[in-house]
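Heads up: the structure comes next, in structure tokens.
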Amino acid sequence: MASSRKITLRSSDGESFEVEEAVAVESQTIKHMIEDDCADNAIPLPNVTSKILAKVIEYCKKHVDASKAEDRVNDEDLKAWDAAFIKVDQVDQATLFDLILAANYLNIKSLLDLTCQTVADMIKGNLFPVRNEWLNFTFSIANRELVLVCLTEWVAHRRLFCS
Amino acid sequence: MEWDSSSNSDLSGDEEEAGFMLNDGGPIPFPVENLIQIASPCGFVVTDALEPDHPIIYVNAVFEMVTGYRAEEVLGRNCRFLQCRGPFAKRRHPLVDSAVVAEIRRCMDEGIEFQGELLNFRKDGSPLLNRLRLTPIYGDDEAVTHVIGIQFFTEANIDLGPISGKDSTKSTERFRTGLSSLPILSTGDRNVARGLCGIFQLSDEVISLKILSRLTPRDIAAVGSVCTRFYALTKNEDLWRMVCQNAWGSETTRLLETVPGAKRLGWGRLARELTTLEAAAWRKLTVGGAVEPSRCNFSACAVGNRVVLFGGEGVNMQPMNDTFVLDLNASNPEWRHVQVSSPPPGRWGHTLTCVNGSHLVVFGGCGRQGLLNDVFLLDLDANPPTWREISGLAPPLPRSWHSSCTLDGSKLIVSGGCADSGVLLSDTFLLDLSMEKPIWREIPAAWTPPSRLGHTLTVYGGRKILMFGGLAKSGPLRFRSSDVFTMDLSEEEPCWRCVTGSGMPGAGNPGGIAPPPRLDHVAVSLPSGRILIFGGSVAGLHSASQLYLLDPTDEKPTWRILNVPGRPPRFAWGHSTCVVGGTRAIVLGGQTGEEWMLTELHELSLASSLI
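Going down the list, the protein sequences come from chains F and B.
First residue of the first sequence: 1, per full-length UniProt numbering; consecutive thereafter.
First residue of the second sequence: 1, per full-length UniProt numbering; consecutive thereafter.
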């Protein structure tokens, strides 16, 4: 329904974002808040910074526009837009995880799936355990963007066995 | 499934998963309890060996504390800055032993481990003795991808004089006591707390359900060894079931659930075993009953845990049309002749494939009056089991020794084979048995592999088919083949592609040791999409009972030999094999003696049998 009612969202650092209701309710969390009549004033989102909230809104706007466009936006085009949106270089790795946390908190399934699939793709096939007789712990490392390092290091020449 | 979603990690660095306080009483993969006793912690550095000059991509907290350099300052640089006295020096300090440095370079070039001692310097210029061990890590294609450096730092008793212009005595004093008074490291990595890897900020639920569930079984096994938190997450059966389902498809997972003993084995172990094939073994099975009259060139297929056998060539070369069932779930499995009202005409050299769950479809073969192209469907669960002819429109040429497989559970695919007057075929046809009135459809392809008989077709990765071996046409001659071809039927215009082991123009370099060319062999499709090749008629002295494994989804598919304990069948061609319950391949017949004993079966079990 094209209700052009505006909803105000407030980020954790106090910035306000005015969005159309249709965009805001992409988030199930916000949708429930509106339904429960908690949305008269701004909706506070204490877990989401303005930087991340801006990106989330950008994503939701695009997806709402895509679904109501008269000449239905091509699935391929939307996928390409998603890929560009989520493209991560080393600097933005933190943003990726913040987006996951936000998408989870705001309950936006498609964004959560997109971001988590990106992380899964980074891990895929890039892990391998390492064990040699001196190190004697297991260590895995993924690609450059996602370093998953084993945190159990220990001094091998002082092997102290529990017994 | 219980998720403790309140355990969102805080970023204070005291994350439980980063530490060694694992006390859930369960088995622990490494002796972590003792770490609390460690007196001299070590620095830990990881460099990227694929990038020029091996930049550092990870340093641990000890490194930071001892050297005085913070992670942000050193990531992306080569470790050699430690040989310079202080951050402003441009050159290696003269007291650093250049022979050792050369030795490090030599080891790195050769991809071997280095052990030795080297003089290093803290950020404030004070000297450190670094007992260093560098270990190269090899990636999948045998190139070194990372180097791990473990550093034992001790004080170096060298008087270097003041660092130019700076009064270092005070700071040196301070740091001299530094090493011995380092706090016992009871938790791990401060870098993680700073977001070097943000994945640790996420809750267990998100990590497991949303990220880990999308990985392959092989990756989950590796993820489990990253840290104690992930180790705990990957112990969850529900996660494994999701992973198996995503990796192998819901049909295979459902099938695996019916395997007796599977519940006790658990998804985690089942997935591991089907991935590593560590529990694969040959066994001999003795069953009761008999398949009489004896025959060869029959066709067998498994429906769940029941093996169905149809037709074959009798002693006087007459085509047979009887049906037998062997229930391997029974306590005393035995062959039972199935009384059916209207069996298909007798035949040999036909194919029998499972469709629609518990139905079997017969196609083609050589009957009493010549080659056939009819289709018959057996409903095994009907009472009594009934054969029914399917008149599909526009059937392919009558043939024998073709290959077939089932796509999407209900589409029969047949390919190649031998037509009248010995002409070899190379076509591919599809019959959708889920339709009311099935119609044969040829799959057009601009180019087809050389026509052949006695080859195999297997399905992998959902809607892809793989063709291997057979007796292939080459000009006026015919040769045994070890070529691999694949076709992706989810494409708009599917086409055949050459894979490894092929002498065809445009084929990739054969990776690994390809199986000797053969026909009438067996191809078993594993849940992960890999295929296992066994047996067949092989020229010369090659052993046909060697198992070969190929993963067509690899970037560079490579043949691997699988060595499996137990004794395989001695002679292995002209036999029939079917996969029971997704985890056992049963080999029937295959003795080249006159008798085709079907009471002694050979079974290749792929996972531990807990029965």
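Every residue gets a Cβ at the ideal spot worked out from N, C-alpha and C, and that includes glycine.
The structure displayed is predicted, hence computed values, not measured ones.
Output needed for B/V303: all residues of its chain with C-beta closer than 6 Å, excluding positions within five of it in sequence on either side, in chain order. Here the set comprises C354, S358 and L380.
Can you give the Cα-Cα distance for B/C578 and B/V307, rounded to whole angstroms? Rounded to the nearest angstrom, the two C-alpha atoms are 8 Å apart.
Between the beta-carbon of B/S481 and the beta-carbon of B/P517, is there less than 9 Å? Cβ distance < 9 Å, so B/S481 and B/P517 count as in contact.
Would you list the residues sitting across from B/W282 in a DSSP beta bridge? For B/W282, DSSP records a beta bridge to B/L604.
Between B/E600 and the rest of its own chain, which residues show a CB-CB distance below 7 Å, the 5 nearest in sequence each way excluded? Result list for B/E600: K284 and T286, in chain order.
Rounded straight-line distance, which links the Cα of B/F298 to that of B/P552: Rounded to the nearest whole angstrom, the CA to CA distance from B/P552 to B/F298 is 29 Å.
Can you name, in chain order, every residue of its own chain whose Cβ lies under 6 Å from the Cβ of B/I148, other than the five neighbours on each side? Correct list, in chain order: V46 and T135.
According to DSSP, is B/F81 part of a helix, a strand, or is it coil? Reduced to three states, the DSSP call for B/F81 is helix.
Taking only the alpha-carbon atoms, compute the straight-line gap between B/L118 and B/L132 and give it to the nearest angstrom. Their Cα atoms are separated by approximately 7 Å.
Report the residue from B/L75, B/V62, B/M65 and B/N60 whose alpha carbon sits nearest the alpha carbon of B/H54. Closest option to B/H54, Cα to Cα, is B/L75.
For B/R241, would you say it is in contact with chain F, using Cβ-to-Cβ distances shorter than 9 Å as the test? With 9 Å as the cut-off, B/R241 does not count as an interface residue toward chain F.
With 16 other CB atoms within 10 Å as the buried threshold, where does F/H32 fall? Sixteen is the threshold: since fewer than 16 other Cβ atoms of the shown chains lie within 10 Å of the Cβ of F/H32, the residue is exposed.
Using a cut-off of 8 Å between C-beta atoms, extract the partners of F/Q28 located in chain B. Ordered by position in chain B, no residue passes the 8 Å Cβ test against F/Q28, which lies about 15 Å from the chain.
Please decide whether B/L233 counts as near chain F, where near means a Cβ-Cβ distance under 9 Å. It does not; no Cβ of chain F falls within 9 Å.
Between F/K51 and chain B, is the shortest Cβ-Cβ distance under 9 Å, so that the two count as touching? No - not a single Cβ of chain B is within 9 Å of the one on F/K51.
Should the stretch 13-23 of chain F be regarded as contacting the stretch 98-108 of chain F, the criterion being three or more beta carbon pairs within less than 8 Å? Taking 8 Å as the limit for Cβ pairs, the verdict is that the stretch 98-108 of chain F does not touch the stretch 13-23 of chain F.
Whose Cβ in chain F lies nearer than 9 Å to the Cβ of B/K210? Within 9 Å Cβ-Cβ: I100, N104, L112, D113, T115, C116, Q117, V119 and A120.
B/N332, buried or exposed, once every other Cβ within 10 Å from all chains shown has been counted against 16: Answer is exposed; the Cβ neighbour count stays below 16.
Is DSSP giving B/N563 helix, strand or coil here? Three-state result, B/N563: coil.
Best match in B/S391, B/T428 and B/L393 for proximity to B/L407 [C-alpha to C-alpha]: That would be B/T428, whose Cα lies nearest to the Cα of B/L407.
Pull up the distance between the alpha-carbon of B/S391 and that of B/V522, whole angstroms please. For B/S391 and B/V522, the distance between alpha carbons rounds to 29 Å.
If you measure between the beta carbons of B/A221 and B/I137, is that distance less than 9 Å? No, the Cβ-Cβ distance between B/A221 and B/I137 is not below 9 Å.
Cβ of F/A83 within 9 Å of any chain B Cβ: Residue contact with chain B for F/A83: absent (no Cβ-Cβ distance below 9 Å to any residue of chain B).
Please go through the same chain and pick out, in chain order, the residues whose beta-carbon is closer than 7 Å to the beta-carbon of F/P44, but skip the five residues on each side of it. Contacts found: R10.
Three or more C-beta pairs closer than 8 Å, one from the stretch 522-537 of chain B and one from the stretch 461-470 of chain B: is that the case here? Here the stretch 522-537 of chain B makes contact with the stretch 461-470 of chain B; the two share three or more CB pairs at distances below 8 Å.
Quick check on the DSSP output: the beta strand (DSSP E) that includes B/E555 runs from which residue to which? Careful: B/E555 lies outside any beta strand (DSSP E) and carries neither H nor E.
Going by DSSP, what residues sit across from B/Q151 in a beta bridge? Answer by DSSP bridge pairing, in chain order: B/G43 and B/L132.
Report yes or no: is there a C-beta of chain F within less than 9 Å of the C-beta of B/G198? For B/G198, the answer is yes, since a Cβ of chain F falls inside 9 Å of its Cβ.
Determine the extent of the alpha helix (DSSP H) in which F/Y59 is found, giving its start and end residues. Residue range S50 to K68 is occupied by the alpha helix (DSSP H) that includes F/Y59.
Cα-Cα separation between B/G416 and B/P343, rounded to whole angstroms: Rounded to the nearest angstrom, the two C-alpha atoms are 25 Å apart.
Which residue's Cα is closest to the Cα of B/N356: B/S203, B/L412, B/G311 and B/R497? B/N356 has its Cα closest to that of B/L412, out of B/S203, B/L412, B/G311 and B/R497.
Would you identify the three-state DSSP class for F/W81, choosing helix, strand or coil? Three-state result, F/W81: helix.
6 Å Cβ shell around F/P98 - same chain, five flanking residues per side excluded: For the record, residue 98 of chain F in the displayed sequence is Asp; it is not Pro. Within the same chain, F/D98 has close Cβ partners I52.
Is the beta carbon of B/L606 less than 9 Å from the beta carbon of B/A585? With respect to the 9 Å criterion, B/L606 and B/A585 are classified as neighbours on the basis of their beta carbons.
Just reading off the alpha helix (DSSP H) that B/S474 is part of, what are its end residues? If you look at B/S474, you'll find it isn't in any alpha helix (DSSP H); it sits in the beta strand (DSSP E) that goes L471 to S474.
What did DSSP end up calling F/E18 once you bin it into helix, strand or coil? It is a strand residue.
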